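Peer 1:
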Amino acid sequence: MKSKKTVSLFRGLAALMACLFVLSSVGQGLTDNYRNQIDGMLGTQSYVTIDDEDAARFKKDYATIDAMMAAAKDIAIREGEEGTVVMKNDNSVLPLSKENEVVLFGLAAYAPYPYASGDLKAGNEDAVDLVDALTNAGVKINETVKAFYQEKILNKQTVMVENRWTGQLTPSVGYDNIYVASPGDMAQYQVVEVPPTLYEEKGAPADWKDSIKPGSVGIVVFARGAGEGNTYAPGSALNYAGEATGKDPLALSEDELAVVDVAKETCEKVLVLINSGNTMVLKDIAKGGEHEVDGIAYIGVINDYQCTGIVRVLTGEVNATGALPDTYVADNAANPAVVNFGGEYYADYEIVGTTGEDARYPGETISNTKASSFGGATTYNGGHYIVEAEGIYVGYKYFETRYFDSIMNPSFNAASAKGATQGETWDYGKEVLYSFGHGLSYLDYTQTLKSVNVDLSENGSITAEVELKNLSDKDGRFLAQLYVQQPYTEYDKTNLVEKSAVMFLTAGKAEVKAGGTATVKLTVPTKYLASYDYKQAKTYILDDGDYLFTAAAGSHAAVNNFLAKQGKTAADGMDTETTGEVVTWNLAQLDKTTFATANGTKVTNVADSADLNYWTGTDTVTYLSRQDWDATYPVNYNQVEIKIADSPKKDAWIAELRGQTYTIRNDNPAAEAVDKGLRFNAASIQEEQMNDINDSYWSDLVHEITIDEAVGAVIHGGSTSDTLSNVENPIVYQNEGVSGFTSAYTDETSGKTYKFNIHSQTLMGSAFNPDLAYEWGLVEGNSGLWLQRYDLWGTGLTQRRTPYNGRNYEYISEDPMLTNRIGYGILQGCAEKGIMNGPKHMGFNDQEHNRGGVSAYMTEQKFRENDLRGFQGGLSDAKGMAVMIAFNRIGATNAAHHAGMLTTMLRDEWGYKGLISTDMMNNKYYFNAESMVMSGITQVADFAQQDNHINQGENGVDKTWGYISVDAVKNDADLVEKARDNLKYQLYTFANSAVLNVRTERVNTWWDNALSILKTVSLVLACLSCAAWLAITLLPKKKEG
Amino acid sequence: MKKLSVGMWITCIAAVLAIIAFIIYSVNIGAEGYYNGAAVSNFTLMVLGAAACLLCAVVLKTMGRSKLIEIVSGILRIAAPALLAWALMNLIAARVDGLGYIYFSNADVAKEVQTPANMSSATCAIASMVVLGVSTLVSVIAAFFSMHKSMHKKRA
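Heads up: the protein sequence lines correspond to chains A and B, in order. Each residue of the first sequence is one higher than the one before, starting from 16 at the first, in our numbering. Each residue of the second sequence is one higher than the one before, starting from 15 at the first, in our numbering.
(1) Compare the C-beta of Leu253(A) against all C-beta atoms of chain B and say whether one is closer than 7 Å.
(2) Rounding to the nearest angstrom, what Cα-Cα distance links Asn741(A) and Trp713(A) in this structure?
(3) Identify the contact partners of Pro95(B) in chain A, using a Cβ-Cβ distance below 8 Å as the criterion.
(4) Quick one: what does DSSP say Ser1040(A) is sitting in, helix, strand or coil?
(5) Can you tell me whether Trp976(A) is buried or exposed? The criterion is at least 16 other CB atoms within 10 Å of its CB, across all chains shown.
(6) Would you mind stating whether Trp801(A) and Met83(A) have Cβ atoms separated by less than 7 Å?
(7) In the DSSP assignment, find the unbroken alpha helix (DSSP H) run with Tyr49(A) in it and report its ends.
(8) Between which residues of its own chain and Arg879(A) is the CB-CB distance below 7 Å, once the five residues before and five after are set aside?
(9) Enumerated in chain order, which unbroken segments of the alpha helix (DSSP H) with a length of 4 residues or greater are wholly contained in the stretch 185-270 of chain A?
(10) Tell me the DSSP bridge mates of Phe519(A)?
(11) So, with DSSP's three-state summary, where would you put Met16(A)?
(12) To be precise: take each residue of the stretch 1033-1054 of chain A, compare its Cβ to all Cβ atoms of chain B, and keep it if any distance is under 9 Å. Which residues remain?
(13) With distance defined between alpha-carbon atoms, name the residue in Met22(B), Ile116(B) and Ala64(B) nearest to Phe36(B).
(14) To the nearest whole angstrom, what separates the beta carbons of Ser190(A) and Leu213(A), a pair I think is in contact under 8 Å?
(15) Between Val898(A) and the rest of its own chain, which residues show a CB-CB distance below 8 Å, the 5 nearest in sequence each way excluded?
(16) Extract the residue ranges of the alpha helix (DSSP H) inside the stretch 567-629 of chain A, only unbroken runs of 4 or more that lie entirely within it.
(17) Could you give the residue range of the alpha helix (DSSP H) that holds Ala66(B)?
(18) Are the Cβ atoms of Leu297(A) and Leu448(A) separated by less than 7 Å?
(19) Please tell me whether Asp987(A) and Ile679(A) are closer than 7 Å, where the distance is taken between their beta carbons.
(20) Counting only beta-carbon atoms, is Arg26(A) nearer than 7 Å to chain B?
(21) With the cut-off set at 7 Å, would you say Val101(A) and Ala335(A) are in Cβ contact?
(22) Pick out the complete alpha helix (DSSP H) segments inside the stretch 781-826 of chain A, 4 residues or longer, and give them in chain order.
(23) Buried or exposed: which applies to Met15(B), given that a residue is buried once 16 or more other Cβ atoms fall within 10 Å of its Cβ?
(24) From what residue to what residue does the beta strand (DSSP E) around Ile556(A) run?
(25) Taking the alpha carbon of Asp634(A) as the point to measure from, which residue in Ser662(A), Arg816(A), Thr676(A) and Gly95(A) has its own alpha carbon closest?
(26) Once the 5 residues before and after Phe427(A) are set aside, which same chain residues still bring their CB inside 7 Å of it?
(27) With H, G and I counted as helix, E and B as strand and the rest as coil, what does DSSP make of Leu464(A)?
(28) Verify the CB distance criterion: does Val61(B) have a CB-CB separation below 7 Å to chain A?
(29) So the alpha helix (DSSP H) Asn852(A) belongs to, where does it begin and stop?
(30) So, is the C-beta of Thr810(A) closer than 7 Å to a C-beta in chain B?
(31) Use the C-beta contact count for Ser1040(A): other C-beta atoms within 10 angstroms, 16 or more gives buried, fewer gives exposed.
(32) Near Asn963(A), what residues of its chain come up, given a Cβ to Cβ distance below 7 Å and the 5 sequence neighbours on each side ignored?
(33) For the beta strand (DSSP E) that Pro540(A) lies in, which residues bound it at each end?
(34) Return yes when the Cβ of Thr565(A) is within less than 7 Å of the Cβ of Leu464(A), no when it is not.
(35) From what residue to what residue does the alpha helix (DSSP H) around Asn835(A) run?
(36) Which of the three DSSP states is assigned to Met873(A) in this structure?
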């Protein structure tokens, strides 16, 4: 009996120890993958940084953390000062008089958007909201209205939100009534604004109106929310009661207008503040509207400190110098881009799906239905499409060009009914409320273009001098804007080269003494004067003729200057007489050569397949052309039957929609790595290596990377760039977000926490000041040095194609050149501090709805001159160091598969040497590993760590793409070499960043040690127990008795 | 039918639990939701292999008491918990990202992510892990018990 029990004991121990050995062994790998999260939970530290600030290449500009924070705050406040746009200012409603009270109406007046801290709002303890800022400025606020709004209607409270998984309650800000912060994915949007008829029911005193003193100014603030994965749906509005109204959610609701009315009833003057990153419809309160107010000002999406600057504008402490980054229209449907928005299925989208015949996924049924913005379905998601038939005519380029043609070119049918929302025929004055670049100054001034010099060479610049004359008796700051009109020739008409009648180039600001003048020198690369001819020359061209330059307070003033220059007057239909100076630069002959080469690369078509007509083989799509506004005005191509099966390129189209942009070869063996002992460290990387990516060191270094790791490191690249075995590069963490680093700095001495993500993209856009963008770039870069974080997704440069994109608050403008110049400033500032600041989301992230698969079809002129031009300034001119690619498709091609965009254009033409990341890799059927490698992606954002191999899945295959393995790719030298080449760019960029300022070393935490001990001890005990069990079992049994 | 010993009972329970875990897992990857089609490498082999080991051990014990049977049966009872533990860790490794995504996405996206299908899929994944964990534990406990009935007790 004793023997039997001993046998069982040792067998049990062997089983237990074997079990523990397996758990600890596999557990070590698992915990390594989630090291950061475990460190966060247990308070351990797996990495230590060793820095020597004196030897650092990139040095901080601020000696103390308080000085650093003060510099960041200063920029944030200036964003408020320079970004607040006075759109309407009648009856001297602005600047506010401190003698009279203001009465704040609207939920957003007391809780401006965003009210909760997160990606968009840092949440520092000393954050200032609108009420704080007004109070700090000495503005008297009506306490009765404030009290019932704050205490009865809003009733700010800390709400405990239950985590559905852990059940843990976490505190968050809540209100009884608040606007909807996330509009959802083309869902119904409730405009939550408490109508005045409910004030008393909600707790307002019956005599609240009596508390308002004569002379009071009512300030009404309206907000619209936004967010990732969110897209507004036209006509989706619900009112406060939750009833569908059929109105545009971006238009003011009846409840909001009722608040305006009660403000007008009770106050002498009324000012409305627009607190939104999405362009709202303000027809009802603008001039001539049924609820017209005295003043309207745009305050964008605020952050911790912008309200201080906003109030300095409202009170006149500083002059108003902001300008609108978007066109405000009477009806959003007036935008031709809105005609094709959202997307629908091809008539026969199902034929793209498979039931097992995709060689990459044998036996698997893969659908072609759309997925949520966050993936999670087995689908190629290639069923939905939109056609961006508006071409280059987005925002003001459409409205101003059509206005120009209505006067200058009657044969162009600008007055047609097509696109008219305010009458039988199209009328600029009725369609447009406030034009791009519009912004009223308190102080009277003029801006006059004094000279323009055009250096017509590949890397030449346009240099303009604008004289700002302060006509007032106060010193102040003023805005100068530079616009151009390119000639629109017969060649253009024949070859469908579209030209906007007015194009913004750049802007600048200067302080001017009372009665004095100052000259602002503005420069912008000449290449942006060229247009892309995708049909005939298939490169950039400069037409022969007069190029008209002017300085003007907005796009409409500029186009009027051009009309006047060409002899037009109010008698011809101009809506104003103008005397703005126009400087002419003439080009005698059509130039097809100067910009046909860039960085030694021939510039020619790379996106023919982005055009739907390429696939259908017929002129299915008519793109908008100014030569006939009536005949070419877009139709909704989702209502046109598009059948993939009818295409002469059917098989290629289906392959592209299945993500098969590239197919792995098996007839071209790749060379395995050769370790020459080179390593990525400060000793090996000297000035000559940092300055020249073609130095042999880089090529030799990446050829030390094994096939497994070269392909693996690219396709498993985020959110941390792992250490490569034979390279020993430091780990580089990627960081969010567009308002600055979301990581906080805690001062060890004081224990105080500092959050630097206090920037506002929207107000930076409306500040119209590339110099301010540069200053923010430097500050953002400095904050990275303090945080010892060097890789940041720190701005958004996608064009705002329509007002409905839920991420417009992350972007700058409807205009590519304003975006281009702001991006140039921010990325240049960061690059000077060694921070890899990657703008989001290059390649037409025009809507969040079905972003992970929708096909956006367009011409190559639009491809080059719209969204991508917004990125060109930062990535090419400012030598940016990182970029994140859009989710969607360009044509049928996943933007992250688009070699034409990423290698030919970005790398070769633009000379970009930084890293290229995908957005969240959430669908392996849509994101194709080999196609991303071949397009030039340097890191696929898969969010795991220490996984830079393609042998971590079952039987040594890749853990995500099961058909990828070393065996599968080793006979494709092109693929392997491209992966190494992509890593070369990435490592080169790391070397040129502040990454080399510090060295990061892995150390073992207590839980690492515990797992190691457990593994060893359990293995030893398992062996011993097993041996003991075997020995006892095999021993002869003792005879009983 | 002869009465089974405690060791046999526990071993059988461990095997049944392993099979239940496998069924839940299969339902999970077959049903609509986040883990649809998300098979885990070698999971089937490991779990069904472990269950087979446990059941074989029981069957072998009913065939006699030779030393060879003792050793083979013992090895199977030691290997089974290790296989189950391995399968459990693989399952956790394959599911943890998704669970984090479903349960811990920020408020902006939670509405999009936490669909009924995804929540059901996540719950099912957790259930398979829990049952597999219990099966592992029970199989370890089973290894401490003899599968022979006590002779003393029989004589009494």
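Here a beta-carbon is modelled for each residue, glycine too, at the ideal position from N, C-alpha and C. The structure presented is a predicted model; accordingly, all values stated were derived computationally and were not measured.
Peer 2: This is what the structure holds:
(1) Taking Cβ atoms only, chain B never reaches closer than 7 Å to Leu253(A), which makes this a no.
(2) C-alpha of Asn741(A) to C-alpha of Trp713(A): approximately 13 Å in a straight line.
(3) Those are Ala30, Leu31, Ala33 and Cys34, listed as they occur along chain A.
(4) Ser1040(A): helix per DSSP, three-state reduction.
(5) Trp976(A) comes out buried.
(6) It is a contact, given that the beta carbons lie within the stated cut-off.
(7) Per DSSP, Tyr49(A) belongs to no alpha helix (DSSP H) and is neither H nor E.
(8) Tyr547, listed in sequence order.
(9) If we require 4 residues or more, the alpha helix (DSSP H) runs fully inside the stretch 185-270 of chain A come out as 214-217.
(10) The beta-bridge partner set that DSSP reports for Phe519(A) consists of Tyr498(A).
(11) Unreliable placement is indicated for Met16(A), whose pLDDT of 44 sits below 50; the coordinate value is still reported in the next sentence. Judged by DSSP in its simplified three-state form, Met16(A) adopts coil rather than helix or strand.
(12) Residues Ala1037, Ser1040, Cys1041, Trp1044, Leu1045, Thr1048 and Leu1049.
(13) When only C-alpha atoms are compared, the closest one is Ala64(B).
(14) First, the residue type needs correcting, since residue 190(A) is Tyr and not Ser in the sequence shown. That pair is no contact at about 15 Å.
(15) For Val898(A), same chain residues with a beta-carbon under 8 Å away, outside a window of 5 residues either side, are Gly853, Pro854, Met857, Phe886, Leu890, Leu921, Tyr927, Gly929, Leu930, Ile931 and Ser932 in chain order.
(16) Qualifying alpha helix (DSSP H) stretches, in chain order: 570-580.
(17) Element bounds for Ala66(B): Phe57 to Thr76.
(18) A contact, by the Cβ cut-off of 7 Å.
(19) Judged by their CB atoms, Asp987(A) and Ile679(A) are nearer to each other than the 7 Å cut-off.
(20) Chain B contact via Cβ: present.
(21) For Val101(A) and Ala335(A), yes; Cβs fall inside 7 Å.
(22) Every alpha helix (DSSP H) stretch that sits fully inside the stretch 781-826 of chain A and reaches 4 residues is listed by chain position as 785-802.
(23) Residue placement at Met15(B) is poorly supported in this model, since its pLDDT is 43, which falls under 50; the coordinates still yield a value, given next. The residue is exposed, with fewer than 16 neighbouring Cβ atoms inside 10 Å.
(24) Boundaries of the beta strand (DSSP E) around Ile556(A): Thr554 to Ile556.
(25) It is Ser662(A) whose Cα lies nearest to the Cα of Asp634(A).
(26) The residues are Asp420, Arg641, Gln642, Asp643 and Trp644.
(27) Three-state result, Leu464(A): strand.
(28) No, because no Cβ of chain A sits closer than 7 Å to the Cβ of Val61(B).
(29) DSSP places Asn852(A) in no alpha helix (DSSP H) but in the uninterrupted beta strand (DSSP E) bounded by Met851 to Lys855.
(30) Cβ-Cβ to chain B under 7 Å: no for Thr810(A).
(31) Flag for Ser1040(A) reads buried.
(32) The residues are Glu724, Gly727, Ala728, His731, Asp737 and Leu739.
(33) From DSSP, the beta strand (DSSP E) with Pro540(A) extends over Thr532 to Pro540.
(34) The beta carbons of Leu464(A) and Thr565(A) sit closer together than 7 Å.
(35) Boundaries of the alpha helix (DSSP H) around Asn835(A): Pro831 to Glu847.
(36) In the structure shown, Met873(A) sits in coil (DSSP, three-state: anything other than H, G, I, E or B).
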